[in-house]
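S.K.:
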Amino acid sequence: MTHLARSRFPHRHLLGIAQLEAEDIELVLDLADSYVEVQRRPEKKLEILRGFTQINLFFESSTRTRTSFELAGKRLGADVVNMAVQHSAIRKGETLIDTAMTLNAMRPDVLVIRHADSGAVALLARHVRCSVINAGDGSHEHPTQALLDALTIRRRKGRIAGLTVAICGDIAHSRVARSNMLLLGRLGARVRAVGPRTLVPREIASYGVEIHHDMRRGLEGADIVMMLRLQTERMQGSFVPSVREYFRFYGLTRDKLRHAAPDALIMHPGPMNRGVEIDGEVADDIHRSAILDQVEMGVAVRMACLDLLTRDRRPAADGDGFRPEGG
Ligand code: CP
């Protein structure tokens, strides 16, 4: 593991998968693998980020991402502040950039930002001195979600290259889909985008994915079935005739799952809408569903990202408390 403690990540910010080479992704996944073991032991706290400050700035709601970034920072020893946006000066008309520059003046080391507008996180990153992590911007990217999905797949299947991954549902509005299509393609998986024409636009083919509008054909032989929720908060107008119709044609049921590989893994980034994009019984199948594994991997991946992005501002990594194997 010494090579992991010494490896350098050639990026100041993590704004999207688009900026990462395959070896950057592999480095995050290898390091995150070590942090999975740290998380599973009774004493989880390290001192790697002692003295560092992380501010979580979420302009959109979140359960998984915000909590796991908070846990990740605290488990690495950082001081973590969750800014309550609903009580912030943004409510008094302060601009996003002024808010970012104000926080920057308090000298945080990392800002973790979620925003409803695509590109907003990259814009803020240009106005601050610290590292910025994109925790989801509009329908653009959600890089740590794709990284935790990749870690889940790699641990359950032993590889990513050569697998067939069917990403199903509301691809059009999904930052998770975009980050996953980029990452999985880069690591050699064959990716399919499956859903109705209204939710899987033709332009998605530019990500190097196959498009399927027939769910059964899209699932044929798939090793991974990744379901997405209808992101109504980003929709203007109606994209499906009714929830009932949508579930009938695109909801993942036992019957439809029979078209995938016999050992196909079921994934969902959450939040999940049972009876809309996935049947509750399928989601809870302890042999096939990796949905709670994804949540666990989220903390480990975020620890790895925080560690790697701050390395050039820390003393030699060997002496900073990173002991993934020894405890
Ligand atoms: N997957 C995901 O981003 O979940 P949250 O919205 O709960 O953070």
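Just so we're aligned: 256 in this note's numbering is position 134 of the sequence shown, and the numbers increase by one with no gaps anywhere. The beta-carbon is built from N, C-alpha and C at its ideal position, and this holds for glycine as well. Only a predicted model underlies this, so the values are computations on that prediction, with no experimental measurement involved.
Please confirm whether Gly199 and Lys166 have their CB atoms less than 8 Å apart.
M.R.: Not in contact: Gly199 and Lys166 (Cβ atoms no closer than 8 Å).
S.K.: Within its chain, find whatever has a CB closer than 7 Å to the CB of Arg276; leave out the 5 residues flanking it on each side and keep chain order.
M.R.: Correct list, in chain order: Leu151 and Ile282.
S.K.: Please classify Gln358 as buried or exposed, where buried requires at least 16 neighbouring CB atoms within 10 angstroms.
M.R.: The residue is exposed, with fewer than 16 neighbouring Cβ atoms inside 10 Å.
S.K.: Assess contact between the stretch 380-388 and the stretch 152-159, defined as three or more Cβ pairs (one per stretch) separated by less than 8 Å. Is contact present?
M.R.: Touching, no, given that fewer than three Cβ pairs across the two stretches are closer than 8 Å.
S.K.: By the three-class DSSP mapping on this structure, what secondary structure does Ser261 have?
M.R.: Looking at Ser261 - three-state DSSP - the assignment turns out to be coil, as it is neither helix nor strand.
S.K.: With DSSP as the reference, please indicate the residues paired to Leu233 in a beta bridge.
M.R.: Bridge partners of Leu233: Ile177 and Val254.
S.K.: According to the Cβ coordinates, are Ile147 and Leu285 closer than 8 Å?
M.R.: Contact flag unset, no.
S.K.: Taking 7 Å as the cut-off, is the C-beta of Gly340 nearer than that to any heavy atom in the ligand MN?
M.R.: Among the ligands in the structure shown, the ligand MN does not appear; only the ligand CP can be found there.
S.K.: Buried or exposed, going by whether 16 or more other CB atoms sit within 10 Å of the CB of Pro391?
M.R.: Buried: at least 16 other Cβ atoms inside 10 Å.
S.K.: Per DSSP, what are the beta-bridge partners of Thr187 in this structure?
M.R.: Thr187 pairs with nothing; no bridge assigned.
S.K.: To the nearest angstrom, report how far apart Asp429 and Leu171 are at their CA atoms.
M.R.: When rounded, the distance between both Cα atoms is 8 Å.
S.K.: Below 8 Å CB to CB, which residues in the same chain sit around Asn395 once its five sequence neighbours on both sides are set aside?
M.R.: Excluding positions up to five away in sequence, the list reads Arg351 and Leu352.
S.K.: Any contact between the stretch 253-265 and the stretch 293-308? By contact I mean 3 or more CB pairs, one from each, below 8 Å.
M.R.: Judged by Cβ distances under 8 Å, the stretch 253-265 makes contact with the stretch 293-308, as three or more pairs qualify.
S.K.: Which residues in the same chain have their Cβ closer than 8 Å to the Cβ of Arg338, if we skip the five residues on either side of it in sequence?
M.R.: Answer for Arg338: Lys378 and His381, listed in chain order.
S.K.: Exposed or buried, what is Leu321 when buried is set at 16 or more other beta-carbons lying within 10 Å of its beta-carbon?
M.R.: So Leu321 ends up on the buried side.
S.K.: Ignoring anything shorter than 3 residues or poking outside the stretch 370-410, list the beta strand (DSSP E) runs there in chain order.
M.R.: DSSP runs (the beta strand (DSSP E)) wholly in the stretch 370-410: 387-389.
S.K.: Below 7 Å CB to CB, which residues in the same chain sit around Ile212 once its five sequence neighbours on both sides are set aside?
M.R.: If we look at Ile212 and ignore the five residues flanking it on each side, its Cβ neighbours are Thr221.
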